[in-house]
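Remarks on the structure that follows.
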Ligand code: ADP
Ligand code: ZN
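In the working numbering, the protein residues as written are 416 to 859.
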């Protein structure tokens, strides 16, 4: 079920990318005044860019450029040729508008169909699609890809959890798409109802739109009875379907690099980084028509690897997204991504992967509190009032667990954090969309 392009020998893939890049640079130079000006400013002519190795000569395109040219200023085609418009969910600031021609929608469907196959889905399988429909690219992007593959799509969208539960029980989907935090919510609901994972009939889950770790994967796989894989994307590049983990390996996501050329650069200097080194993920469109971008600064932090994959796909893989540059907290001079806390918690028994990081400034110092839920079993043996660090009650078991978490955080992240254990089910859950696990109460 492969598209042959996914297994193209690397030299041929590189040749294809070089050719596509040359065409793309001329295309935007001729059609997008913003890019013409950028190239002129840097003294570059389109013919100077001959291969992907020349990309570092070009400046980055930042989100600000999309905002400055809101809504249609970066279009490379007449507005009438745009058949669909999406806007980012605006997690950070004002929404950014993205446009698609008919060919762009075809490309979107193609990369999403590839992603479904990589995740284990096949034509004829039933898809419960709980990504949000609407301006957000998640719902419609996955929808068109699944239809192209020949799946049966149930366009549920996010939210209304009870209805989702009923539809899953009645329709028996084999595949589900949603955010990882919402998959956790659904898993918990089934557990509450006493429905065992094998009664559901779900097999595969494509989870994305927010950072997640192996701890969440283990939780979702156990509660929904699936083998979940990572689906990554962002509106500016196409939406979901920029990269996808293969079910064979489930380590790293293949970037569909015959369409989206990736680079990793240092967050401060912008210099290219080698395989395995963590930095900002950059994409250059090779085939988009409506609104192609050169060297788009995603702000997402990860690394690339060209290690051969047992699945036979030759496309480069990216690691999990550690977080967005915007999500990074600087606490007493130390950089912290919420996923780092999650990774630490994953190694500790008796806690479950539901947590919240709260940052406050007390007098001049930043204080971080981690609230983490304990398991039902542990809760039964503990008195509620012994959970918080402030409690004077000397419940040895709670105190030992708190100390263990605190020590693990201090020794891996280097920060002292207050740890509060909380009863199961008390930390806010995803109601369908992206979940924010950090509450930053500092005023800058
Ligand atoms: P917004 O920027 O408003 O959230 P998008 O819906 O375009 O709009 O979100 C894209 C962003 O979501 C990515 O840049 C990335 O930060 C995050 N994201 C998407 N998929 C994943 C994933 N699989 N893992 C981690 N983060 C993801
Ligand atoms: Zn693979």
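In this text, a Cβ means the ideal position worked out from N, Cα and C, and glycines have one as well.
The structure displayed is predicted, hence computed values, not measured ones.
Near the ligand ZN: residue i beta-carbon under 8 Å from a heavy atom
i	result
residue 669	yes
residue 728	yes
residue 533	yes
residue 672	no
residue 563	no
residue 677	no
residue 592	no
Pairwise C-alpha distance: residue j and residue i
i	j	result
residue 479	residue 444	19 Å
residue 367	residue 563	Any question about residue 367 goes unanswered here, given that the chain covers just 416 to 859.
residue 661	residue 536	11 Å
residue 692	residue 686	12 Å
residue 848	residue 629	20 Å
residue 456	residue 474	10 Å
residue 569	residue 696	33 Å
residue 675	residue 432	9 Å
residue 596	residue 579	15 Å
residue 811	residue 713	46 Å
residue 482	residue 721	34 Å
residue 671	residue 499	22 Å
Distance cut-off 8 Å: residue i Cβ against heavy atoms of the ligand ADP
i	result
residue 482	no
residue 634	no
residue 880	Because residue 880 is not part of the residues shown, which for the chain are 416 to 859, the question remains open.
residue 765	no
residue 688	no
residue 627	yes
residue 572	no
Enclosing beta strand (DSSP E) for residue i [first to last residue]
i	result
residue 700	694 to 700
residue 669	668 to 670
residue 515	512 to 515
residue 768	766 to 777
residue 752	Per DSSP, residue 752 belongs to no beta strand (DSSP E) and is neither H nor E.
residue 559	Here residue 559 belongs to no beta strand (DSSP E); instead the alpha helix (DSSP H) covers 552 to 564.
Identified DSSP bridge partners for residue i
i	result
residue 675	700
residue 715	739
residue 832	None, per the DSSP bridge assignment.
Enclosing alpha helix (DSSP H) for residue i [first to last residue]
i	result
residue 478	478 to 483
residue 598	595 to 607
residue 656	Unbroken run through residue 656 is the beta strand (DSSP E), 654 to 660; no alpha helix (DSSP H).
residue 495	Premise fails: residue 495 is in no alpha helix (DSSP H) and is neither H nor E.
residue 456	448 to 456
residue 633	629 to 639
Supposed contact pair residue j and residue i - C-beta distance, whole angstroms, cut 8 Å
i	j	result
residue 716	residue 738	6 Å
residue 653	residue 523	5 Å
residue 470	residue 604	Incorrect: roughly 46 Å between the Cβ atoms, too far for contact.
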